[in-house]
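**Student:** Chains as they are written, first to last, in my numbering: chain A, 214 to 422; chain B, 6 to 275.
If you scroll down you'll find the structure; I have some questions about it.
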Amino acid sequence: ADRSIPATKQKYIPTSGTYPKGFLAGSAFAGVKATNTKYDDLALVVSEAPCPAAGVFTKNVFKAAPVQTSSKFLSERKGHGFRGVVVNSGCANAVTGRLGLEHAATMARTTDQCFGSAESDAVPSTLVMSTGVIGQRLPIDRITNAIPKLHQSLGSSHDHWMNAAQAICTTDTFPKLISRTFTLPSHPGTTYSIAGMTKGAGMIHPNMA
Amino acid sequence: TLLGIVCTDAKVDPKSMRYFLRHVTSTSFNCISIDGDTSTNDTVNFFANGAAAPANAAPLRYHGDKQSRSNASLEDQDDTRAFIKILSKFFKDLSQLVVRDGEGATKFVSIRVRSDLNYATAKRAAVSIARSALVKTALYGKDANWGRILCAIGYAPGIMDSQELPLRNLVPTNLENQRPIYPVKPRRTSVSFIPADGTEELKLLLRGEPEQVDEVRAKQILEAEDLEILVRLEDDGETAPSGDKKVHEAVFWTCDFSHEYVTINGDYRT
C-alpha cells in the first residue's frame with residue numbers, strides 16, 4: 214500500500230526532536246505480512262542500561278500472547294532491569310494458543326541475546342508487542358532472522374525514532390511521535406527528556422489496566 | 006489496536022512506575038475512542054533510565070496516599086506534582102494523535118461532561134456519547150443533532166439501569182432523607198457546542214428544554230475539524246445557589262464516522 218502521508222496530516226510529523234539520553238530506537242524489515250514486501254515491520258526501543266519499566270494492558274478477555282507474556286515478565290521482574298521493547302506489525306499474535314505464547318517469548322529472548330543475555334536467563338528483559346490481524350500465527354522464523362538486523366539499526370537520531378514509529382503502524386496514515394524536554398523544581402538546571410510513540414487508527418477504545 | 010512506548014531519562018522509583026503510568030493513562034489513552042472496539046492487544050509501556058539525573062537526585066516517587074505524602078519531603082512532593090503534570094500532558098497529546106488519525110475521520114471531537122455526583126457518572130456519559138454510531142455519523146454529516154447526544158447519555162450503562170435495579174443496593178442515596186440520587190436528571194441537563202476558535206458557545210439544550218438553534222451558526226461551527234461537546238448534568242441555573250457543590254469533569258476524545266471507515270474495514274482482508 215502507498216505510505217505517503219496525506220497533506221492534512223503533515224502538520225503532525227515532527228521534523229526534529231529531543232530524545233532521552235541512553236535510549237536507542239530502530240527498525241527493520243521482516244516480512245511479517247505476505248503483502249508487505251518493502252516496509253519495515255519490526256521496531257525496537259531500548260535503554261543502553263537496564264532500567265525500571267511499567268505497562269498497562271488491555272482488559273479484553275482474549276488477551277493477545279504478547280500482552281500475557283509482557284505482563285508476566287513485568288510481574289516476575291517487579292518492574293526492574295528492563296532493556297526495552299520489541300514490536301512487530303502485520304500480525305497481532307492474538308488467539309494463537311500455546312504456540313503464540315512461545316513465539317512472543319522467543320521474540321523477547323532473541324532480542325535479549327543481541328545484548329549478550331544467555332538463553333537460559335530466567336526472565337527476559339525485553340518486553341513484546343504485536344499488532345495486526347487477530348487469529349494468525351507469527352512467521353516467527355522471519356522475525357527471529359530479522360532481529361539481529363534490527364539490533365544493528367539502533368541509533369539515537371530523530372530518523373531512528375521516526376523509523377521505529379513508522380514500523381509499528383498498521384492502518385495509520387502517519388507515524389505518531391512526540392518528544393520534549395522538562396525540568397523539575399529540585400534541580401532546575403537539569404534538563405530531562407521524554408519521548409513517546411504510539412499507533413492506532415482503528416479498533417481503538419482502550420481500556421487498559 | 007493501540008500501542009504506546011514512552012521513555013524518559015528522569016530517575017523514577019521502580020515501585021512507583023506503575024502508579025505514574027496508571028494515573029496518567031486513566032485520563033489519556035483510556036479516554037479515547039475511534040470505533041468503540043477494545044482490542045486484544047492494547048499496550049502502553051513506560052521506561053525511565055535516570056540517565057539525565059544528577060548523581061544526588063532522589064528518584065521520583067508516587068505519593069498516592071496521605072501516609073506516603075506525609076513521609077515525603079516538600080521538595081519530593083513538588084517534584085512528583087510537576088512530573089505528573091508533565092507526564093499527563095504528554096500522554097494526552099500522544100493519545101490525541103491517535104484520534105486525529107481515526108480511520109476515515111474528518112473531525113476531532115472533545116466531549117466534556119460535568120456531574121456533581123461523581124467522576125464515574127461523567128465518564129459513563131462521555132463514553133456513551135463517544136461510542137454512539139448515530140452521534141458520530143451526525144457529526145460527519147455536520148448535523149447539530151443534540152437529540153442523539155442526549156439519547157446516548159440516557160442509555161449509558163450505569164445511568165439507564167440505575168432506574169430499575171434495587172435502589173438501596175446500587176444507587177447512592179441522600180443520607181439525610183434516604184431518597185435515591187439518580188445520576189442524570191433531564192431537567193438538570195444542558196448541552197452546548199463549543200467552537201474551536203474560542204467564539205461563543207452554541208446552546209442546544211438548556212436544563213432539559215430545547216433551545217431555538219441558529220442553523221447558520223451551527224453549520225459554521227460544524228464546518229471546523231475540531232469541536233467540543235459540553236454536557237452539564239448538574240445545571241441548576243444561574244439563579245440557584247451553588248453552595249459548595251463540587252463538580253466532577255470527564256473529558257473524552259473521539260472522531261466522526263464516515264463512509265470511508267466502512268470502506269476501509271469492509272475492504273480489510275484477513
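Note that the Cβ used here is the ideal one computed from N, Cα and C, for glycine as well.
Just so you know, these numbers come straight off a predicted model, no measurement behind them.
How is the beta strand (DSSP E) around residue 361 (chain A) delimited, first residue to last?
**Tutor:** Here residue 361 (chain A) belongs to no beta strand (DSSP E); instead the alpha helix (DSSP H) covers 353-365.
**Student:** For residue 30 (chain B), tell me which candidate among B:47, B:108 and B:146 has the shortest Cα-Cα distance.
**Tutor:** For residue 30 (chain B), the nearest C-alpha among the options comes from B:47.
**Student:** Determine the contact status of residue 51 (chain B) and residue 267 (chain A), defining contact as a CB-CB distance below 7 Å.
**Tutor:** Their beta carbons are under 7 Å apart, which means residue 51 (chain B) touches residue 267 (chain A) by this criterion.
**Student:** I need the boundaries of the beta strand (DSSP E) containing residue 262 (chain A), first residue and last residue.
**Tutor:** Unbroken beta strand (DSSP E) run through residue 262 (chain A): 255-264.
**Student:** Under 7 Å, Cβ to Cβ, is there at least one residue of chain B near residue 220 (chain A)?
**Tutor:** With 7 Å as the cut-off, residue 220 (chain A) does not count as an interface residue toward chain B.
**Student:** Cα-Cα, which of B:274, B:209, B:211 and B:113 is closest to residue 230 (chain B)?
**Tutor:** Among B:274, B:209, B:211 and B:113, the Cα nearest to that of residue 230 (chain B) belongs to B:113.
**Student:** Whole-angstrom Cβ separation of residue 253 (chain A) and residue 379 (chain A), contact assumed at under 8 Å?
**Tutor:** Sure, about 7 Å apart at Cβ, within 8 Å.
**Student:** Going by DSSP, name the residue or residues bridged to residue 200 (chain B).
**Tutor:** Residue 200 (chain B) is bridged to B:232.
**Student:** Excluding the 5 residues flanking residue 231 (chain A) on each side, which residues of the same chain have their C-beta closer than 6 Å to its C-beta?
**Tutor:** Same-chain partners within the cutoff: 392, 394 and 406.
**Student:** Does DSSP put residue 247 (chain A) in a helix, a strand or coil?
**Tutor:** Note: residue 247 (chain A) maps to coil in three-state DSSP.
**Student:** When burial is assigned at 16 or more other CB atoms within 10 Å of the CB, is residue 180 (chain B) buried or exposed?
**Tutor:** With a pLDDT of only 49 at residue 180 (chain B), under the threshold of 50, the placement of this residue in the model should not be trusted; the figure read from the coordinates follows. It is exposed - the Cβ of residue 180 (chain B) has fewer than 16 other Cβ atoms within 10 Å.
**Student:** What is the C-beta distance between residue 106 (chain B) and residue 385 (chain A), in whole angstroms, given that I count them as a contact (C-beta under 8 Å)?
**Tutor:** 5 Å between Cβ atoms; contact.
**Student:** Please say whether residue 166 (chain B) and residue 212 (chain B) have beta carbons closer to each other than 7 Å?
**Tutor:** It is not a contact, given that the beta carbons lie outside the stated cut-off.
**Student:** Residues in the segment 238-254 of chain A with C-beta within 8 Å of chain B's C-beta atoms, listed in sequence order?
**Tutor:** Flagged: no residues at all.
**Student:** Cα-Cα, which of B:111, B:160, B:129 and B:235 is closest to residue 144 (chain B)?
**Tutor:** Cα-wise, what sits closest to residue 144 (chain B) is B:111.
**Student:** What residue ranges within the segment 375-412 of chain A form continuous beta strand (DSSP E) runs of no fewer than 3 residues, ordered along the chain?
**Tutor:** Counting only runs of 3 or more, we get 389-397 and 400-412.
**Student:** Can you tell me which of A:241, A:340, A:218 and A:418 puts its alpha carbon nearest to the alpha carbon of residue 296 (chain A)?
**Tutor:** Comparing Cα positions, the closest option is A:340.
**Student:** Enumerate in chain order the residues of its own chain whose CB-to-CB distance from residue 250 (chain B) is below 6 Å, with the five nearest sequence positions on each side excluded.
**Tutor:** Within the same chain, residue 250 (chain B) has close Cβ partners 121.
**Student:** Among the residues of its own chain, which have a CB less than 7 Å from the CB of residue 69 (chain B), if the five just before and after it don't count?
**Tutor:** If we look at residue 69 (chain B) and ignore the five residues flanking it on each side, its Cβ neighbours are 24.
**Student:** For residue 240 (chain A), which of A:387, A:256 and A:227 has the nearest alpha-carbon?
**Tutor:** With distances taken between Cα atoms, residue 240 (chain A) lies closest to A:256.
**Student:** Return yes when the Cβ of residue 310 (chain A) is within less than 7 Å of the Cβ of residue 345 (chain A), no when it is not.
**Tutor:** The answer is no: Cβ separation not under 7 Å.
**Student:** Report the three-state DSSP secondary structure of residue 181 (chain B) (helix, strand or coil).
**Tutor:** Residue placement at residue 181 (chain B) is flagged as unreliable, the pLDDT there being 49, under the threshold of 50; a coordinate-derived value is accordingly withheld.
**Student:** For residue 308 (chain A), go through chain B and note every residue whose CB falls closer than 9 Å to its CB, in chain order.
**Tutor:** Neighbours of residue 308 (chain A) on chain B, chain order: 45.
**Student:** Under 8 Å Cβ-Cβ, which residues of chain A neighbour residue 80 (chain B)?
**Tutor:** Per Cβ cutoff of 8 Å: 398 and 399.
**Student:** Going along chain B, which residues have a C-beta under 8 Å from residue 264 (chain A)?
**Tutor:** Per Cβ cutoff of 8 Å: 52, 53, 54 and 55.
**Student:** Among the candidates A:409, A:288 and A:258, whose CA atom is the shortest distance from the CA of residue 270 (chain A)?
**Tutor:** Out of A:409, A:288 and A:258, A:288 has the C-alpha closest to the C-alpha of residue 270 (chain A).
**Student:** Could you pull out every residue in the same chain whose Cβ sits closer than 8 Å to the Cβ of residue 369 (chain A), ignoring the five residues on either side in sequence?
**Tutor:** Correct list, in chain order: 232, 236, 237 and 238.
**Student:** How many Å lie between residue 75 (chain B) and residue 411 (chain A) at the Cα?
**Tutor:** About 36 Å.
**Student:** Would a C-beta distance cut-off of 7 Å place residue 253 (chain B) and residue 127 (chain B) closer than the cut-off?
**Tutor:** Their beta carbons are under 7 Å apart, which means residue 253 (chain B) touches residue 127 (chain B) by this criterion.
**Student:** Does residue 175 (chain B) get closer than 7 Å to chain A when you measure Cβ to Cβ?
**Tutor:** With a pLDDT of 47 at residue 175 (chain B), under the threshold of 50, the modelled position of this residue cannot be trusted; read the value that follows with caution. Not one chain A Cβ lies under 7 Å of residue 175 (chain B).
**Student:** Would you mind telling me which residues of chain B sit closer than 7 Å to residue 277 (chain A), beta carbon to beta carbon, in chain order?
**Tutor:** What residue 277 (chain A) touches in chain B: 45 and 46.
**Student:** Using 10 angstroms around the beta-carbon of residue 275 (chain A), count the other beta-carbons present and answer buried if the total reaches 16, otherwise exposed.
**Tutor:** Flag for residue 275 (chain A) reads exposed.
**Student:** Taking only three categories from DSSP, how would you classify residue 122 (chain B)?
**Tutor:** Coil, per DSSP.
**Student:** How about residue 170 (chain B): is its C-beta nearer than 7 Å to some C-beta of chain A?
**Tutor:** Here residue 170 (chain B) scores only 49 on pLDDT, less than 50, and its place in the model is too uncertain to base an answer on.
**Student:** What residue range does the beta strand (DSSP E) around residue 270 (chain B) cover?
**Tutor:** Per DSSP, residue 270 (chain B) belongs to no beta strand (DSSP E); it is in the alpha helix (DSSP H), 264-272.
**Student:** Please compile the residues from chain B whose C-beta is within a distance smaller than 7 Å of the C-beta of residue 395 (chain A).
**Tutor:** Here the neighbours are 91.
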